[in-house]
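Asks: Residue numbers (our numbering): 1 to 184.
Cβ coordinates follow ideal geometry from the N, Cα and C atoms, glycine included.
I have a structure here, written as structure tokens, and I will follow up with some questions on it.
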């Protein structure tokens, strides 16, 4: 057996190494594709919440709309007047107007609810006859923070320190629990 070759020169060794390289490459490509698929899935359900104000001859409304492509899970909402937290829209309007707001004004609670893509919820509506002069100037004292998430537990916070003027969105690690004493 003068013809004995070392193990690394055997044809079976070359075949085994080639199979190993192909297997490792397939695993790497599979992991990369899985990461791309996860990113795609998250992008497919990305919510984007916006606050809009609207005035007409009938009155004024403040609305929250999901302009994203996935459901927005509203976790909490904080409304402030001059930087001070408020409990409900009645307190907000009383602070702005200097007296108890005239009835009827309409409001909706959105905290701990889901907002489908394209849906808009009017969170405050006020008839035109009950709006004092320069109401929108006074309403600029109102701040709003809405924390919402996607179905993949990714969270964002919309912050507007003066409604309609300085809206900012930021990704956050989690949303604070809604306050028991607030009704928004």
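(1) Straight-line CA distance for residue 111 to residue 119?
(2) Specify, as a first and last residue, the run of the beta strand (DSSP E) that residue 33 falls within.
(3) May I ask which residues mark the beginning and end of the alpha helix (DSSP H) holding residue 138?
(4) Measure the C-alpha to C-alpha separation of residue 33 and residue 53 and round it to an integer number of angstroms.
(5) Give me, in chain order, the residues of the same chain whose beta-carbon lies closer than 6 Å to that of residue 176; leave out the 5 immediate sequence neighbours on both sides.
(6) With 16 other CB atoms within 10 Å as the buried threshold, where does residue 13 fall?
(7) Could you tell me which residues DSSP pairs with residue 114 in its beta bridges?
(8) Can you name the start and end residues of the alpha helix (DSSP H) that residue 92 belongs to?
(9) Can you tell me whether DSSP reads residue 129 as helix, strand or coil?
(10) What residues in its chain sit with their C-beta under 6 Å from that of residue 93, if we drop five residues either side in the sequence?
Replies: Checking against the coordinates, here is how it stands:
(1) 15 Å
(2) That residue, residue 33, is in no beta strand (DSSP E); its alpha helix (DSSP H) goes 11-44.
(3) 135-139
(4) Annotation: residue 33 to residue 53 spans about 43 Å, alpha carbon to alpha carbon.
(5) 76
(6) Flag for residue 13 reads exposed.
(7) 73
(8) 89-97
(9) Collapsing the DSSP output to three states places residue 129 in a helix.
(10) 101
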